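*Asks:* Quick one: the structure is below, questions incoming.
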Amino acid sequence: MATSQAVVRPANRFFRRVREGNEIAYTITVICAASILLVTVLLVFQLWNNSGIARHKFGWSFIGSQTWDPVNEDFGALPLAFGTLVSSALALLIAVPSGLMAAIFLAELAPPKASDVLTFLIELLAAVPSVIYGLLGIFLLVPILKDHVVPVLKSTLGWLPIFSGPFYGYSMLAAGLVLAIMIIPFIVSVSREVLLAVPVEQREAALGLGATRWEATWQIVIPYASRGIYGSIFLALARALGETMAVTMVIGNNPKIAMSLLAPGYSIAAVIANEFSEASSAMHAASLTELGLVLFAITVIINGAARLMMLTTAEHAK
Amino acid sequence: MTNTLSFRRRAVNNVMLSLTAVFTVLVVGSLFVILGYLAYNGWHFLNWDFFTKLPTPVGEPGGGMANAIVGSAKMLLVATMIGVPFGFLGGVYLSEFGGEHGLFPFLVRYTTDLLNGVPSIVIGIFAWTVLVRPRHHYSAWAGGIALGIMMVPIALRSTEEFLQGVPNSMREGAMALGASKAWTIFTVVIPAAMKGIISGMMLDLARVAGETAPLLFTALSSRYWSKGWDEPTASLPVMIFNYAVSPYDDWHQQAWAAGFVLLALVLLVNIIARGVLSRATYK
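First to last, the protein sequences are chains A and B. Counting with my numbering, you get residues -13 to 304 for the letters of the first sequence. Counting with my numbering, you get residues 112 to 394 for the letters of the second sequence.
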């Protein structure tokens, strides 16, 4: 036995290495991991390449131009970028305060068991497909806005330019509201985690000094967790900017820049969803692809900012 | 002591704390509104024909979405064949071979998170440029592959996370008994994390099952049975979209029924997978 082990022939060594399988496992898994790099590089390359003729024709004026006119092949992204930004900003304006309040309740006040159950339900909301939100937007939210909310808004705040003009239902306001409902679960679940990670001594010290429960939360816990909360807001913003179906279904699909939130608008993702499969010309398809490239760049930047903030929170907590 | 607290501070405290509870109720309530409204409308219009018949032409009542149900299943099968193996093995690499540091693992983690944040409509454009444009026709392949690409990042990161949860002592024990690294990984580490990994994959699948945007111009849609895998193919989410924005009442009813079926499936998978996860040993 001892001698046969001492003289291992090269062929046997090869088979033993195969049987151990380390190299094989390493090679296969590394190829799978590398494939994700490859796909991402290919994605950027394809978006860049396929938008080529639009980039050459319009240059930087693509971003500044106000017309989106497939018939005359004149394409500018401004009204679409405006719609994407305004609907997302409106969504944040609604979702951040309400999401943060709910997260405070779940992290600071609710008993742990109840908090877990409620968080589970809120996370289920995040799993609802966006086309379902769109469906409810069309048949539930828009009629409610039309019959109950907007008449009240117009009679009280109608003098504000953002609530001027006629209201037909499909509008920037409807898109912002649907987006808000869609991103609240993200803000709640991430903020709750961040708040729960704040050391309990912070609260005890504040309460010991005579602060009320709310003062301890608002003046001590929230500032301590602020970077993580900003991170959750950026993550939610990235979601809102790229959200397609629900927005397409309620925003009104009109590429005009309007001051009023009651007017129909259009967003980058929505115009791609509506026009891509029926693109009338190569220039039209290339312009839509360039919009995709713009959307890609924006979400990469926002997601990067979110990750940076979460990362510094993690280090801060150490 | 409380008497020394000014009335204003106490009032602010009570009002704000009550408000946090009110907002929680509103947020959780919206789930029940969504579920209730869909169930009410969907159940009403749901019948056996919905699962067994093709869509009827405009104006003709009845009909169903059998082709869309089969089409969704076909595309999800393709997506699983891509998303699960690549995500799983990539996750094994990151957790067991790549280590915490080093340029390549960093790049993989970074691009995975980047790809995860890419809007689904952009993935759709990408799939169109690679799979539809050169071949000049829409297909179930293109739709399934687009969904598969969307599955990879989450499958990869969740596999990595669950494998990281397996204690190192188990790896050391197996290797001390003479097992090679590969044997240790595939017979000890992965089985220990299997529950979590499978739940993660189920959640991933449920997420792409509801995706509409990447299918709009890859699989398109169809009102008929699609033969094989190389024809325009209907799917539930795209049908819901097309029917909901149409001007016809009976199409709206079909959209409700389809929405109810889709949401029921997605939530069911979510509840089961999260139930398993909360009980998994290594999560």
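Even glycine gets a Cβ: it sits at the ideal position worked out from N, Cα and C. Because the structure is a prediction, the values reported are computed rather than measured.
I want to verify the contact list: residues of chain B whose CB lies under 7 Å from the CB of Met231/A, in sequence order.
*Replies:* Here the neighbours are Thr323, Ala324 and Phe352.
*Asks:* Assign Trp54/A to one of three DSSP states: helix, strand, or coil.
*Replies:* In the structure shown, Trp54/A sits in a strand (DSSP, three-state: E or B).
*Asks:* Please report whether the beta-carbon of Leu104/A lies at a distance below 9 Å from any beta-carbon of chain B.
*Replies:* Closer than 9 Å to some Cβ of chain B, the Cβ of Leu104/A qualifies, so yes.
*Asks:* Give, in chain order, every unbroken run of the alpha helix (DSSP H) that is at least 4 residues long and sits entirely within the segment 182 to 213 of chain A.
*Replies:* Here the runs fully enclosed are 186 to 194.
*Asks:* Mind checking which residues open and close the alpha helix (DSSP H) that includes Ile243/A?
*Replies:* First-last for Ile243/A: undefined, no H or E at that position.
*Asks:* List the whole-angstrom C-beta distance separating Ser332/B from Val349/B, where the pair is believed to meet the contact cut-off of C-beta under 8 Å.
*Replies:* Their Cβ separation, rounded to whole angstroms, is 5 Å, which keeps Ser332/B and Val349/B in contact under 8 Å.
*Asks:* Tell me whether Asp341/B sits in a helix, a strand or coil according to DSSP, three-state version.
*Replies:* Coil at Asp341/B, not helix or strand.
*Asks:* Given this structure, state the Cα-to-Cα distance separating Ala257/B from Leu110/A, to the nearest angstrom.
*Replies:* Looking at the two C-alpha atoms, the distance is approximately 24 Å.
*Asks:* Compute the Euclidean distance between the alpha carbons of Arg334/B and Met158/A, then round it to the nearest angstrom.
*Replies:* Near 32 Å, if we compare the C-alpha coordinates of Met158/A and Arg334/B.
*Asks:* Is there at least one Cβ from chain B nearer than 9 Å to Ala160/A's Cβ?
*Replies:* Chain B, which has no Cβ nearer than 9 Å to the Cβ of Ala160/A, makes this no.
*Asks:* Should Ala(-12)/A be labelled buried (16 or more other beta-carbon atoms within 10 Å of its own) or exposed?
*Replies:* Low per-residue confidence applies at Ala(-12)/A: pLDDT is 46, beneath 50, and the placement is therefore not dependable enough to give any value.
*Asks:* What is the rounded straight-line gap between the Cα of Thr105/A and the Cα of Val233/B?
*Replies:* Cα to Cα, the separation comes out at about 30 Å.
*Asks:* Please report the straight-line C-alpha distance between Ser150/A and Glu272/B, rounded to a whole angstrom.
*Replies:* Each residue's Cα considered, the two are about 51 Å apart.
*Asks:* Take Gly173/B as the anchor and find which of Thr270/B, Asp315/B, Val277/B and Ala366/B has the nearest alpha-carbon.
*Replies:* Considering only alpha carbons, the answer is Ala366/B.
*Asks:* Return the CA-CA distance between Gly311/B and Ser389/B, expressed in angstroms with no decimal places.
*Replies:* Cα to Cα, Gly311/B sits roughly 12 Å from Ser389/B.
*Asks:* Closest to Gly175/B by CA distance: which of Val387/B, Gly386/B, Leu374/B and Ala369/B is it?
*Replies:* For Gly175/B, the nearest C-alpha among the options comes from Ala369/B.
*Asks:* Give the C-beta separation of Ala77/A and Leu143/A to the nearest angstrom, bearing in mind that I take them to be a contact with Cβ-Cβ under 8 Å.
*Replies:* With a Cβ gap of about 19 Å, Ala77/A and Leu143/A do not count as contacting.
*Asks:* Near Pro343/B, which residues of its chain fall below 6 Å by C-beta distance, leaving aside the five closest residues on each side in sequence?
*Replies:* Cβ neighbours of Pro343/B beyond the five flanking positions: Tyr249, Leu331 and Ser333.
*Asks:* Against Asp224/B, what residues of chain A qualify as contacts under a CB-to-CB distance less than 8 Å, listed in chain order?
*Replies:* Within chain A, the residues near Asp224/B are Asn289 and Arg293.
*Asks:* According to DSSP, simplified to helix, strand and coil, what is Phe328/B?
*Replies:* Looking at Phe328/B - three-state DSSP - the assignment turns out to be coil, as it is neither helix nor strand.
*Asks:* Taking 9 Å as the CB-CB cut-off, is Ala253/B touching chain A?
*Replies:* Chain A contact via Cβ: absent.
*Asks:* If you run the structure through DSSP and keep just helix, strand and coil, what is Phe153/A?
*Replies:* Three-state result, Phe153/A: coil.
*Asks:* By the criterion of Cβ-Cβ separation under 7 Å, what are the contact partners of Ile296/B in chain A?
*Replies:* Those within 7 Å of Ile296/B in chain A are Ala11.
*Asks:* At least one CB of chain A closer than 9 Å to the CB of Glu239/B: is that the case?
*Replies:* The amino acid occupying residue 239/B in the given sequence is Trp; Glu does not appear at that position. So, interface residue.
*Asks:* Per DSSP, what are the beta-bridge partners of Asp60/A in this structure?
*Replies:* Asp60/A pairs with Asp55/A.
*Asks:* Using a beta-carbon distance below 9 Å, is Asn178/B in contact with chain A?
*Replies:* It does not; no Cβ of chain A falls within 9 Å.
*Asks:* Comparing alpha-carbon positions, which option in Ser37/A, Leu24/A, Val27/A and Thr13/A lies nearest Met269/A?
*Replies:* Taking only the C-alpha atoms, the option nearest Met269/A is Ser37/A.
*Asks:* Can you check whether the CB of Met261/B is closer than 9 Å to the CB of Ser231/B?
*Replies:* A contact, by the Cβ cut-off of 9 Å.
*Asks:* Check whether the segment 247 to 260 of chain A and the segment 57 to 71 of chain A touch, using three or more Cβ-Cβ pairs below 8 Å as the test.
*Replies:* Yes, the segment 247 to 260 of chain A touches the segment 57 to 71 of chain A.
*Asks:* Pull out every residue of the segment 373 to 386 of chain B whose Cβ sits closer than 8 Å to any Cβ of chain A, in chain order.
*Replies:* Of all residues in the segment 373 to 386 of chain B, Leu373, Leu374, Val377, Leu378, Asn381, Ile382 and Arg385 have a Cβ within less than 8 Å of some Cβ in chain A.
*Asks:* Sort Val135/A, Ile288/A, Ile130/A and Met296/A by Cα distance to Ser74/A and report the nearest one.
*Replies:* When each option's Cα is compared against that of Ser74/A, the closest is Ile288/A.
*Asks:* Use the C-beta contact count for Val319/B: other C-beta atoms within 10 angstroms, 16 or more gives buried, fewer gives exposed.
*Replies:* Buried.
*Asks:* Would you decide whether Leu214/B is buried or exposed? Buried here means 16 or more other CB atoms lie within 10 Å of its CB.
*Replies:* Flag for Leu214/B reads exposed.
*Asks:* Run down chain A in chain order and give the residues with a C-beta less than 7 Å from the C-beta of Pro348/B.
*Replies:* Here the neighbours are Pro115 and Val117.
*Asks:* Between Gly162/A and the rest of its own chain, which residues show a CB-CB distance below 6 Å, the 5 nearest in sequence each way excluded?
*Replies:* Here the set comprises Ser73, Leu76 and Ala77.
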